[in-house]
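A.B. asks: I have a structure I would like to understand better, so I am pasting it below and will then ask my questions one at a time.
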Amino acid sequence: QARSDYWQSEYEKILIRQEELKALLYVGQSPELIAGHLQSKLKILTTNSRIKVDSMSLADLKYYKDWLLIYQSMTFKTNSASLMTLLEFIKITRPQLIITELKVQSRGKLLNCTMTVVAFNRSDDKEELVDGL
Numbered sequence: 002q003a004r005s006d007y008w009q010s011e012y013e014k015i016l017i018r019q020e021e022l023k024a025l026l027y028v029g030q031s032p033e034l035i036a037g038h039l040q041s042k043l044k045i046l047t048t049n050s051r052i053k054v055d056s057m058s059l060a061d062l063k064y065y066k067d068w069l070l071i072y073q074s075m076t077f078k079t080n081s082a083s084l085m086t087l088l089e090f091i092k093i094t095r096p097q098l099i100i101t102e103l104k105v106q107s108r109g110k111l112l113n114c115t116m117t118v119v120a121f122n123r124s125d126d127k128e129e130l131v132d133g134l
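Residue 29 in this note's numbering is what sits at position 28 of the sequence shown, and the numbering runs on without skipping anything.
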């Protein structure tokens, strides 16, 4: 009985960890909806950081097997305190966003920034993802 209880406990831990990992990914949405949600999320994060975005490109979708990577670039001007606030917001947001590029040029107290973040989606149905979107 002790052995059975141990394995049941391990199984439950794995299910919990699986749900934690799922929370890091965009799931159950089309690539277009994910890209739109990512842009909306970044606008909210920048607004809450007191940053006005100068430009935001269209999301770039990259496919690798059953993974979809959604890259989003934007440019903005800010100060160091607001930039640090934005970085903290990005760090804790769910689904998870990863900063893949951050370029910062100083113009006195003003920082000219270019940032690219990536979000992830995984689909078991590879036909659900269509290249070239």
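Here a beta-carbon is modelled for each residue, glycine too, at the ideal position from N, C-alpha and C.
Can you find a heavy atom of the ligand HEM that lies under 8 Å from the Cβ of Met75?
C.D. replies: The ligand HEM is not part of this structure, which contains no ligands at all.
A.B. asks: With 16 other CB atoms within 10 Å as the buried threshold, where does Gln73 fall?
C.D. replies: The residue is buried, with at least 16 neighbouring Cβ atoms inside 10 Å.
A.B. asks: Taking Ala36 and Ile71 to be in contact with their CB atoms under 8 Å, please state how far apart those CB atoms are, rounded to whole angstroms.
C.D. replies: Rounded, the Cβ-Cβ distance is 6 Å, consistent with contact.
A.B. asks: With H, G and I counted as helix, E and B as strand and the rest as coil, what does DSSP make of Ile15?
C.D. replies: Helix at Ile15.
A.B. asks: So for Leu62, helix, strand or coil by DSSP?
C.D. replies: In the structure shown, Leu62 sits in a strand (DSSP, three-state: E or B).
A.B. asks: Consult DSSP for Gln2 and reduce its assignment to one of helix, strand or coil.
C.D. replies: Note: Gln2 maps to coil in three-state DSSP.
A.B. asks: Quick check: what's the CA-CA separation for Asp55 versus Thr79?
C.D. replies: Asp55 and Thr79: Cα-Cα distance of roughly 10 Å.
A.B. asks: By Cβ distance, which residues of its chain are closer than 6 Å to Cys114, with the 5 residues on each side in sequence left out?
C.D. replies: So the list reads Phe77 and Val105, once near-sequence residues are dropped.
A.B. asks: If Ala60 and Pro96 are in contact, beta carbons under 8 Å, what's the gap, nearest whole angstrom?
C.D. replies: At roughly 14 Å, the Cβ-Cβ gap does not stay under 8 Å, so Ala60 and Pro96 are not in contact.
A.B. asks: If distances are taken between C-alpha atoms only, which option among Met75, Asp67, Thr47 and Arg108 comes closest to Met85?
C.D. replies: The option with the nearest alpha carbon to Met85 is Thr47.
A.B. asks: Under 9 Å, do Met57 and Gln40 count as touching if we go by C-beta distance?
C.D. replies: In this structure, Gln40 lies closer than 9 Å to Met57 by Cβ.
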